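Trainee: Residue numbers (this note's numbering): 8 to 147.
Even glycine gets a Cβ: it sits at the ideal position worked out from N, Cα and C.
Note that this is a predicted model, so its numbers are computed, not measured.
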Amino acid sequence: QIVTDLHFFLFTSTLSPLILSPSLFSLPHQAQIVGGENATLGQFPFQASVQIYGGPLLGWQHVCGGSILSEEWVLTAAHCNIYNITGLVQTRVVGGFLTLRDDDDEPTKQAKRLGKFIKHPDFIYNQLTGYIRHDVALLR
8 QIVTDLHFFL FTSTLSPLIL SPSLFSLPHQ AQIVGGENAT LGQFPFQASV QIYGGPLLGW
68 QHVCGGSILS EEWVLTAAHC NIYNITGLVQ TRVVGGFLTL RDDDDEPTKQ AKRLGKFIKH
128 PDFIYNQLTG YIRHDVALLR
């Protein structure tokens, strides 16, 4: 029912050219979140990672987080596709895992390619000022 109430949102996932820089992904895990605690497998089953494929050298790269609403819908931020990279490269949503590393063989990890990106029709983002409104989107 919640998905039908949100049908007017439209997504496009944002990717800055810096996102594909390998140096951004070389931080030690403890440096990425300050004051956090390790999650246990299955503790946050509604969490997802929106990822784009950076080619054989970079592999799959995390772009944004999302919340799983159903088997078909994920809620995320519209600013995740300011440069409209989604649709130009392979994009997927991944859930059921603890780390973003591809070499982790977690039995509950599931990935699904995206077919539709729906951002809020009144989404506004000004890159110069940082002004942002209606920053919500659905992925199908």
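On the three-state DSSP scale, how would you describe residue 69?
Mentor: Translated into the one-based positions of the sequence shown, residue 69 becomes position 62. It is a strand residue.
Trainee: I need the straight-line Cα distance from residue 72 to residue 81, nearest angstrom please.
Mentor: If you number the sequence shown from 1, residue 72 lands on position 65. If you number the sequence shown from 1, residue 81 lands on position 74. Rounded to the nearest angstrom, the two C-alpha atoms are 10 Å apart.
Trainee: If residue 123 sits next to residue 85, beta carbons under 8 Å apart, how far is it from one beta carbon to the other, in whole angstroms?
Mentor: Translated into positions along the sequence shown, residue 123 becomes position 116. Translated into positions along the sequence shown, residue 85 becomes position 78. With 8 Å as the limit, residue 123 and residue 85 do not qualify as a contact, their Cβ atoms being about 14 Å apart.
Trainee: Closer than 7 Å by C-beta to residue 96: which residues in its own chain qualify, once you throw out the five before and the five after it? Chain order, please.
Mentor: Mapped onto the sequence shown, residue 96 falls at position 89. Result list for residue 96: 59, 60, in chain order.
Trainee: For residue 62, does the three-state DSSP call read helix, strand or coil?
Mentor: Taking the sequence shown and counting its residues from 1, the one referred to as residue 62 is at position 55. Three-state DSSP puts residue 62 in a helix.
Trainee: Where DSSP assigns a beta bridge to residue 54, which residues make up the other side?
Mentor: Here the question's residue 54 lines up with position 47 in the sequence shown. Answer by DSSP bridge pairing, in chain order: 74.
Trainee: Can you check whether the CB of residue 131 is closer than 9 Å to the CB of residue 120?
Mentor: Working through the sequence shown from its first residue, we reach residue 120 at position 113. Working through the sequence shown from its first residue, we reach residue 131 at position 124. Contact: no.
Trainee: Where residue 142 and residue 88 are concerned, what is the direct C-alpha to C-alpha distance, given to the nearest angstrom?
Mentor: As a working note, residue 142 is residue 135 in the sequence shown. As a working note, residue 88 is residue 81 in the sequence shown. So the alpha carbons of these two residues sit roughly 11 Å apart.
Trainee: Kindly indicate which three-state DSSP category residue 144 falls into: helix, strand or coil?
Mentor: As a first step, residue 144 must be located in the sequence shown, where it is residue number 137. If DSSP states are grouped into helix, strand and coil, residue 144 belongs with the strands.
Trainee: When the Cα atoms are used, what is the spatial distance from residue 128 to residue 54?
Mentor: The residue you call residue 128 lines up with position 121 of the sequence shown. The residue you call residue 54 lines up with position 47 of the sequence shown. Their backbone Cα atoms lie some 24 Å apart in a straight line.
Trainee: What separation, rounded to the nearest whole angstrom, lies between the Cα atoms of residue 75 and residue 145?
Mentor: On the sequence shown, position 68 is the one that residue 75 refers to. On the sequence shown, position 138 is the one that residue 145 refers to. Distance between the alpha carbons of residue 75 and residue 145 is about 10 Å.
Trainee: Tell me, please, which residues DSSP counts as bridged to residue 124.
Mentor: As a first step, residue 124 is located in the sequence shown; it is residue number 117 there, counting from the start. Paired residue(s): 146.
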